[in-house]
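First the structure, in the form of structure tokens, and then the observations on it.
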Amino acid sequence: MAGDTETPHQISLFRSQITTRRFNDESLRILESLLVFKDVKSQAETRSDLKQFLRFESLSIFQEIKYKTVYQKLSILQFFVRAFALIGDTESCLALKYEALLFRDVKSTSDQSLHVSYLEWLNFAQHLLDQGFYSISTQACEKALACFQKKDVADAKTGDFIENARVIEDIKMLKDRAMKSAASGSGSGKFKYCYILVCGLSSFSERRAQAAEYLKRKIVEKSRICSSFRTETKSAASTLFRNGIKKRHARELRKHQSLQQNIEF
């Protein structure tokens with residue numbers, strides 16, 4: 001019960017951390033603490049509300065950091081990767097991870113410390129494949145292969161040719177699996193929710209518009225579903241439920257409404 005009482009305060013505190021742009025470990029600890037529930041339903045509701053909040057806030061934030069340094073942008077990206085991972089928003093987490101890798105890849109031409117290794121691309125490709133994002137997994141495999149082949153050429157005089165051939169074969173096999181899965185029509189394919197980090201690539205403005213339109217559509221759908229649910233619940237309660245059942249549902253409704261009031265932005 002104590003946890004339920006503290007939850008609205010914790011949610012408000014986390015929202016304050018984000019709106020005041022405090023992208024640090026303290027904010028992540030607050031987020032992690034308010035996701036601890038004995039009540040599975042309450043946890044699911046909180047995760048859903050936090051997902052919508054973070055998605056909308058992140059779009060504004062990525063526009064605001066346009067003129068920040070490369071390392072500041074990457075730090076903020078990493079914060080959101082971790083935040084979305086905590087709330088279980090796999091799509092957003094992987095989408096931002098992909099943006100971070102692409103951003104580093106672009107900037108590594110002038111700063112080698114940002115270089116993305118073939119192993120980073122390969123591990124990411126495997127993760128994408130496991131989560132059903134087959135088209136993006138294929139692209140990550142292509143990045144891994146191109147990256148490794150550059151390394152192979154650079155290490156030609158001292159490299160282990162047998163080991164190099166094995167690595168290339170492993171990458172190609174993973175790519176083939178991703179392509180076959182994509183062709184089968186299963187999985188999510190591409191990210192439905194496109195993120196944007198402004199770093200000078202022309203395609204990002206289009207993707208920002210796609211993301212905004214997608215979020216607008218999802219909020220309208222969610223509002224319609226919630227409205228329908230409240231109407232149906234009220235009707236059913238007036239005809240089917242009695243005494244204790246009605247009281248229990250009333251308590252759940254008040255708890256849900258309190259949660260919504262504290263998460264709206």
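For the sequence shown, position 244 (counting from the first letter as 1) is numbered 244 according to this note's numbering, and the numbering increases by one without interruption.
For glycine and all other residues, C-beta sits at the position ideal for the given N, C-alpha and C.
DSSP three-state assignment for residue i, whether helix, strand or coil
{"i": "Arg21", "result": "coil"}
{"i": "His115", "result": "coil"}
{"i": "Ser110", "result": "coil"}
{"i": "Leu35", "result": "coil"}
{"i": "Asp89", "result": "coil"}
{"i": "Phe124", "result": "helix"}
{"i": "Leu13", "result": "helix"}
{"i": "Asn103", "result": "Strictly speaking, residue 103 in this sequence is Phe, with Asn absent from that position. Residue state, collapsed to three classes: helix."}
Local Cβ density within 10 Å of residue i, reported as buried at 16 or more and exposed below that
{"i": "Ile225", "result": "Model confidence at Ile225 stands at a pLDDT of 48, short of 50, so the residue's coordinates are unreliable; what they give is reported in the following sentence. With fewer than 16 other Cβ atoms within 10 Å, it is exposed."}
{"i": "Lys66", "result": "exposed"}
{"i": "Leu128", "result": "buried"}
{"i": "Leu119", "result": "exposed"}
{"i": "Asp25", "result": "exposed"}
{"i": "Glu99", "result": "buried"}
{"i": "Ser27", "result": "buried"}
{"i": "Tyr134", "result": "buried"}
{"i": "Ala44", "result": "exposed"}
{"i": "Arg104", "result": "buried"}
{"i": "Arg55", "result": "buried"}
{"i": "Val167", "result": "buried"}
{"i": "Ala183", "result": "exposed"}
{"i": "Ser58", "result": "buried"}
{"i": "Thr109", "result": "exposed"}
{"i": "Ala83", "result": "buried"}
{"i": "Ser92", "result": "buried"}
{"i": "Gln63", "result": "exposed"}
{"i": "Gln309", "result": "Residue 309 lies beyond the stretch modelled for the chain, which goes from 1 to 265, so this question has no answer here."}
{"i": "Lys51", "result": "buried"}
{"i": "Lys73", "result": "buried"}
{"i": "Leu240", "result": "Note that Leu240 has pLDDT 43, beneath the 50 cutoff, so the model's placement of it is unreliable and the number below is only indicative. Answer is exposed; the Cβ neighbour count stays below 16."}
{"i": "Asp111", "result": "exposed"}
{"i": "Ala178", "result": "buried"}
{"i": "Arg165", "result": "Inspection of the sequence shows that residue 165 is occupied by Ala rather than by Arg. Under this definition Ala165 is an exposed residue."}
{"i": "Ser137", "result": "buried"}
Where the alpha helix (DSSP H) containing residue i begins and where it ends
{"i": "Ser48", "result": "Val40 to Glu64"}
{"i": "Lys73", "result": "Val70 to Leu86"}
Supposed contact pair residue j and residue i - C-beta distance, whole angstroms, cut 8 Å
{"i": "Ala144", "j": "Ile171", "result": "5 Å"}
{"i": "Cys141", "j": "Leu174", "result": "5 Å"}
{"i": "Ile76", "j": "Phe23", "result": "5 Å"}
{"i": "Val116", "j": "Leu96", "result": "Wrong, their Cβ atoms sit about 15 Å apart, outside the cutoff."}
{"i": "Thr7", "j": "Leu34", "result": "6 Å"}
{"i": "Ile87", "j": "Arg29", "result": "Wrong, their Cβ atoms sit about 14 Å apart, outside the cutoff."}
Within-8 Å CB hit, residue i to chain C
{"i": "Ala182", "result": "Given the protein chain composition of this structure (a single chain), no chain C is represented."}
*With a floor of 4 residues, list each alpha helix (DSSP H) that falls wholly inside the region 131–187, ordered by position along the chain.*
134–154 and 161–183
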